[in-house]
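Presented below is the structure to which this report refers.
Residue numbers (full-length UniProt numbering): 1 to 190.
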């Protein structure tokens with residue numbers, strides 16, 4: 001009996017001494033437990049976007065710009081050829097958005113494209129909203145030509161050097177389509 005008591009006493013002593021010198025974790029997952037102030041507040045650090053995310057966002061923004069500006073063309077253009085082109089752009093860029101979503105979703109980890117317009121795209125769209133008739137047609141044709149040229153350059157660059165295989169394949173397949181759109185835009189007359 002004395003032997004069992006000694007063993008238990010030694011075990012308790014070891015456990016007690018084992019806890020000495022250990023740092024106590026005072027952090028809590030409960031936000032209410034520790035009020036935040038300027039001393040202990042942790043600011044989120046911005047995380048750099050991956051090249052794949054950047055490309056997906058640019059492609060999504062391009063599609064959004066093409067669709068929105070083409071919807072304006074259907075309402076504000078006086079040219080039958082511009083309206084026909086705009087209708088084809090809405091269909092093509094809606095399909096492109098769906099394909100981009102599939103390619104981005106196939107990435108590991110999955111990428112979610114954010115279709116936020118660049119400041120240049122937003123300014124162009126805002127300018128188009130203020131125009132009608134022949135003035136609109138000229139501005140729309142210029143915006144479509146510039147936008148498709150920029151998109152083509154982005155697609156070619158990602159097709160050559162992309163880091164996400166599914167997005168790289170998407171870019172490669174889109175190059176001839178966007179080249180055709182660019183040529184069509186250049187051929188439009190206001």
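Note that CB positions come from ideal geometry on N, CA and C, so glycine has one too.
A quick note: this is a predicted structure, and the numbers were derived from the prediction, not measured.
Return the CA-CA distance between residue 138 and residue 117, expressed in angstroms with no decimal places.
21 Å
Compute the beta-carbon to beta-carbon distance between residue 115 and residue 61, rounded to the nearest angstrom, for a pair I have assumed lies under 8 Å.
5 Å
Helix, strand or coil: which one does DSSP assign to residue 109?
Collapsing the DSSP output to three states places residue 109 in coil.
For residue 81, which residues from the same chain have a beta carbon less than 8 Å from its beta carbon, with the 5 sequence-adjacent residues on both sides left out?
188, 189
DSSP on residue 128, reduced to helix/strand/coil?
Looking at residue 128 - three-state DSSP - the assignment turns out to be helix.
Count the other C-beta atoms from every protein chain shown that fall within 10 angstroms of the C-beta of residue 185, then say buried if there are 16 or more, exposed otherwise.
buried
So what does DSSP say about residue 114, is it helix, strand or coil?
In this structure, residue 114 counts as coil in the three-state DSSP scheme.
Coarse secondary structure for residue 48, derived from DSSP in three states:
coil
Are the beta-carbon atoms of residue 123 and residue 65 separated by less than 8 Å?
no
Selected residue, minimal CA-CA separation from residue 193, among 148, 160, 163, 169
Residue numbering for the chain in the displayed model covers 1 to 190; residue 193 lies beyond these limits and cannot be assessed.
Which of the three DSSP states is assigned to residue 135 in this structure?
The answer is helix: DSSP assigns residue 135 an H, G or I state.
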